[in-house]
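Chemist: Numbering (this note's numbering), first residue to last: 791 to 965.
The structure follows.
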């Protein structure tokens, strides 16, 4: 279990700005992402993780859920770097049908993925990295990002090389 404090549940300003953006699903050709304006509660996250894995001994302390796709798959900050702020934690996607993957190594890189016109579900489920630049999200990333702009492919490759066993580790939690 990861020890949490009040600051661990404070919604980062960048995510608050993302929550004000309307994502266009465009009948399946756009981005399937519905950002939240606050993290799911610890209780909601624990309940979802237990149901998703079938393991009712787990708690959701390692995740800060901040959005979903249309089927209920969740985007979350994964608190795997002890002592580091939330914005430095990797972004992961946990799909409604068991899909899962690391999307970005930190919130800043995730903003660049969004600026490329891609959401967490598209990156994980379809391994879609072809940029469809979104001007609104590019401006948002330019305001909040602390990392340089890179391609989504580079962001995802870097993140997955840092956390190569994420999927297998999730398998181990499932019952």
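Backbone N, C-alpha and C fix where the C-beta goes; we use that ideal spot for every residue, glycine too.
Everything numeric in this text was worked out from a predicted model, so none of it was measured.
Measuring straight from C-alpha to C-alpha, what distance separates residue 915 and residue 888?
Modeler: 10 Å
Chemist: Going by beta-carbon coordinates alone, are residue 934 and residue 800 separated by less than 8 Å?
Modeler: no
Chemist: Does residue 862 pass the burial test, meaning 16 or more other C-beta atoms within 10 Å, or should it be called exposed?
Modeler: A residue is called buried when at least 16 other Cβ atoms come within 10 angstroms of its Cβ; residue 862 does not meet this threshold and is exposed.
Chemist: Are the CB atoms of residue 853 and residue 876 nearer to each other than 8 Å?
Modeler: no
Chemist: Using the C-alpha atoms, what's the distance from residue 834 back to residue 824?
Modeler: 17 Å
Chemist: Under DSSP, the beta strand (DSSP E) around residue 856 begins and ends at which residues?
Modeler: 853–858
Chemist: Could you check if residue 942 is buried or exposed, using at least 16 other CB atoms within 10 Å of its CB as the buried criterion?
Modeler: buried
Chemist: Pick out the complete alpha helix (DSSP H) segments inside the segment 823–872, 4 residues or longer, and give them in chain order.
Modeler: 832–843
Chemist: With DSSP collapsed to three states, give me the class of residue 890.
Modeler: strand
Chemist: Between which residues of its own chain and residue 921 is the CB-CB distance below 8 Å, once the five residues before and five after are set aside?
Modeler: 906, 907, 908, 941, 942
Chemist: If you measure between the beta carbons of residue 913 and residue 923, is that distance less than 8 Å?
Modeler: No; because the gap between Cβ atoms is not below 8 Å, this pair is not in contact.
Chemist: May I ask you to report which of helix, strand or coil DSSP gives residue 883?
Modeler: If DSSP states are grouped into helix, strand and coil, residue 883 belongs with the strands.
Chemist: Under 8 Å, do residue 891 and residue 881 count as touching if we go by C-beta distance?
Modeler: no
Chemist: Pick helix, strand or coil for residue 936, following the three-state DSSP scheme.
Modeler: coil
Chemist: Can you say whether residue 961 is buried or exposed, counting buried as having 16 or more other CB atoms within 10 angstroms of its CB?
Modeler: exposed
Chemist: Between the Cα of residue 955 and those of 865, 936, 816, 870, spot the shortest distance and give me the residue it belongs to.
Modeler: 870
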